[in-house]
Structure formats: C-alpha cells, structure tokens
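Participant:
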Amino acid sequence: MPLQKYFHASLNPTGCQTITNLIQIVYASQPFGYDEPTLAGILLDARRCNKRDDVTGALVCRHDIYLQLLEGPEDAVRAAYSRIRRDDRHAGIKELVNHKIQSRLFASWAMLHDPAKTWIWTEEEIANAALDRAEPTEIIKVFKDLSDRSEKPAAH
Numbered sequence: 051m052p053l054q055k056y057f058h059a060s061l062n063p064t065g066c067q068t069i070t071n072l073i074q075i076v077y078a079s080q081p082f083g084y085d086e087p088t089l090a091g092i093l094l095d096a097r098r099c100n101k102r103d104d105v106t107g108a109l110v111c112r113h114d115i116y117l118q119l120l121e122g123p124e125d126a127v128r129a130a131y132s133r134i135r136r137d138d139r140h141a142g143i144k145e146l147v148n149h150k151i152q153s154r155l156f157a158s159w160a161m162l163h164d165p166a167k168t169w170i171w172t173e174e175e176i177a178n179a180a181l182d183r184a185e186p187t188e189i190i191k192v193f194k195d196l197s198d199r200s201e202k203p204a205a206h
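For the sequence shown, the numbering used here gives the first residue as 51, with consecutive numbering after it.
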C-alpha cells in the first residue's frame, strides 16, 4: 500500500516536506448549556482552528450529547482534543476511539455538523451508557454512514 495512505505530507516553515501520521479520535461529551448560540460558537471555533491546523471531522449532536470525530495529523488532532477537554461547553468528556487511519472520512470538512439525524442510539440508550458498551467499529460506522451521505464541499 502506498505510504501516503498512512501519512500526511505537509510543508514545514522552511518549505521542506514533512510526513505525519494520521489519527482519528472520537469522543462523547454532555453539552453544558446546549442551545443554538452555544452550538454555533463551538462550530465557529472548530472550523477556524481545524482549517488552520489541517484537522477535519464531524460533530453529531443533540441536547443530551455531543459525539465528535477529529482526524488529521497526530499532533494537530491531539492539540484539538486537548483544547476541547479544557472547553467548559463540554462536560463528562469520554474518549471512545483513538487509532491510526489510512485516509480521512471528512477530508473536505473542517467540521461537518449533523443535528443528530445520524443517531442510532436513543436518548434512553445514551442515558443507560450505550456508548460505553459500543464497539469502536460501531461508533466509527455512525461517522462512515454520515460521510457517505454528505456532499463534499470545498471548505466547511
């Protein structure tokens, strides 16, 4: 398999190409003060930072939970996840998936927003810890299905 499937190439400040591992992190959190302005702020911040840092992903949300996938160069994804962990708009953050990837699911999206139309778990199932019992492949499938259904914009 070609190396570029496993690594991300970019130019460093001196103009030389560097190779970076691609990773994916999926986490769940409980919204703190969930409303449209809060969600809009989260999406604005995510899109601005992610575009700058070459991180892509998707946020599936509703009033009781955020489920977010971050993907890209390892250092950038870990830095984005670290910022999220310090963000007081998220409570009870749990990392569900953390693995190396060959290619991105959301390569054209700085942060795709899905208002919980993708959910396969009910509010009751989430309250009863369904995500704690879910296999990583089941969680990734939610995002794979979303990626397959989403149009591929140039910059979102």
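Positions of the beta carbon are idealized from the N, C-alpha and C atoms, including for glycine. Just so it is clear, the structure is predicted and the values come from calculations on it, not from any experiment.
Would you call Gly-107 buried or exposed, if buried means 16 or more other Cβ atoms sit within 10 Å of its Cβ?
Facilitator: Looking at its Cβ environment, which holds 16 or more other Cβ atoms inside 10 Å, Gly-107 is buried.
Participant: Hey, Ile-73 and Ile-170: beta-carbon distance below 9 Å or not?
Facilitator: Against a cut-off of 9 Å, the Cβ pair of Ile-170 and Ile-73 comes out as no contact.
Participant: Helix, strand or coil: which one does DSSP assign to Leu-155?
Facilitator: Coil, per DSSP.
Participant: Skipping 5 residues on each side, what residues in its chain have a beta carbon closer than 7 Å to that of Ala-130?
Facilitator: Within the same chain, Ala-130 has close Cβ partners Cys-99, Asn-100, Asp-103, Val-105, Leu-120.
Participant: How many Å lie between Gly-231 and Asp-164 at the Cα?
Facilitator: Residue 231 lies beyond the range of the chain shown here (51 to 206); nothing can be said about it.
Participant: With respect to the beta strand (DSSP E) encompassing Arg-112, which residues constitute its N-terminal and C-terminal limits?
Facilitator: Here the beta strand (DSSP E) through Arg-112 covers 106-112.
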